[in-house]
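Notes follow the structure.
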Amino acid sequence: MFFDWFKKPDYNNVVPLFPEPEAVPYIEPPKQEREYYSIGITSDNRMTFKTGISTLTMNREGCEHLIEQLTVFMNQLPESTDD
24 MFFDWFKKPD YNNVVPLFPE PEAVPYIEPP KQEREYYSIG ITSDNRMTFK TGISTLTMNR
84 EGCEHLIEQL TVFMNQLPES TDD
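Start counting the sequence shown at 24; every next residue gets the next number (this note's numbering).
Have a look at this one:
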């Protein structure tokens, strides 16, 4: 009959309107190295401590004073079993 071509079982010659996308394997992006802090010496013999966007610069006497303060605060902390 005239409309039997709508019931045609074989559609090999028809280009699909929305083809199935090819499966692409997921690739894990490389993780960027993060710098949490850095310690260095400037050209005029000052120590620098950088963390985040802050930079602390001090001379030798300032470093020694900071070490003394950190030692006092460290001694006030309770002993921990965590490493």
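Glycine included, every Cβ here is placed at the ideal spot set by N, Cα and C.
Own chain residues within Cβ distance below 6 angstroms of residue i, not counting five before or after
| i | result |
| --- | --- |
| G63 | T71 |
| G75 | none |
| K73 | S61 |
| N36 | none |
Rounded C-alpha distance that separates residue i from residue j
| i | j | result |
| --- | --- | --- |
| N68 | S103 | 36 angstroms |
| P101 | S66 | 39 angstroms |
| L89 | P53 | 38 angstroms |
| P48 | Q55 | 21 angstroms |
| Y59 | M97 | 21 angstroms |
| M81 | T94 | 18 angstroms |
According to DSSP, residues forming a beta bridge with residue i
| i | result |
| --- | --- |
| G63 | T71 |
| M81 | M70 |
Residues near residue i by beta carbon distance below 8 angstroms, same chain, minus five either side
| i | result |
| --- | --- |
| T78 | T71 and F72 |
Sequence-distant residues of the same chain with beta carbon closer than 7 angstroms to residue i, five excluded per side
| i | result |
| --- | --- |
| E87 | none |
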